[in-house]
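Start counting at 1 in the sequence shown, then tack on 2, and there's your number in the numbering used here.
Glycine included, C-beta positions come from ideal geometry on N, C-alpha and C.
Just so it is clear, the structure is predicted and the values come from calculations on it, not from any experiment.
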Amino acid sequence: MADRKPMRVLANSQAVIDALAERGDLSPAELAEATGLPRPSVYRFIEGLKAVGMATTTADNRARLSVKWLHLADAARDAMSEWSSARGVLDELAARTEQTVFLTVPRGDEAVCIDWAPGRGIGVLTLSPGRSLPLYAGGAGRLVLAHLRDLDGYLADDTGRRPLTARTMTDAAALRADVRRTREQGYTLSLDDATIGIGAIALPILDGNGELLGCLSVAGRSVEIEERQEEFLAAARAAVAVLEQDAAPASQVQSS
């Protein structure tokens with residue numbers, strides 16, 4: 003019994019971090035609602051994260067993950083040999099499209115951003131290195147959902163699916179239809195379901211066995227993503243082909 007308390011503290015700390023990673027700056031009241039923790043506990047976790055440099059608070063007392071998470075994201079990416087050449091590919095795609103380009107990887111029930119090439123209007127985007135999207139929202143999140151092995155198990159549990167905008171899909175039937183559409187067309191189109199006014203096109207990066215390694219997404223203003231969808235798709239597909247070719251040797255080494 004004595005060793006359960008540290009594990010509970012770690013689990014609660016992770017819940018606070020996950021909420022900030024998924025939803026951005028949150029007030030203590032919003033964090034309490036998002037995590038189910040009492041507000042006094044939320045205050046203590048925020049202060050603890052601030053003490054070790056992992057969080058800050060804004061002028062209006064909202065908690066925010068610190069830039070230290072970006073360094074952790076860099077370290078995590080550098081440790082993944084399959085993405086060693088990704089930075090150049092992302093930069094080239096961002097220059098070609100003038101949009102922000104993200105590289106995300108599946109981690110449990112999230113799509114975690116490990117690298118990006120910023121484009122225009124990045125201040126309004128939900129995702130950035132070290133942050134994540136739930137599997138029911140955004141291009142990257144919904145793309146990962148379409149490749150989830152235990153899709154039925156995920157859709158059966160809707161307790162954690164809170165809408166990020168009025169266009170976020172949380173209903174199991176709607177998400178199942180979205181998965182079917184993504185699998186048929188080979189990409190996900192996100193319009194306003196993670197951030198109002200923001201859209202994204204997300205494509206899978208697969209290994210030689212067809213398993214999902216990661217996700218490449220092009221994000222910007224919804225109206226521009228929708229109007230230039232075919233152009234962005236063609237550019238992103240060319241970038242995915244390079245990433246898959248570069249990732250293949252690393253994947254083969256890891257599986258041998």
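Nearest C-alpha to threonine 99 among Ala243, Gln247, Ala249 and Ser219: Ser219. The residues Asp27 and Arg66, in chain order, have a CB closer than 7 Å to that of threonine 60 in the same chain once the five nearest residues on each side in sequence are set aside. The Cβ atoms of valine 146 and alanine 113 lie closer than 8 Å to each other. Between alanine 142 and alanine 88, the beta carbon gap of about 14 Å keeps them out of contact (Cβ cut-off 8 Å). A distance below 8 Å between beta-carbons, with the five flanking residues on each side excluded, links leucine 157 to the following residues of its chain, in chain order: Ala174, Leu177 and Arg178. Looking from the CA of glycine 38, the closest CA among Thr161, Gly132 and Gly201 belongs to Thr161. Leucine 191 sits away from glutamine 247, with the two beta carbons spaced by 8 Å or more. Judged by their CB atoms, arginine 41 and proline 30 are nearer to each other than the 8 Å cut-off.
Here the C-alpha atom of leucine 95 lies approximately 18 Å from the C-alpha atom of glutamate 229. Assignment of beta-bridge partners to alanine 249 by DSSP yields no partner. Annotated three-state conformation of valine 54 is coil, per DSSP.
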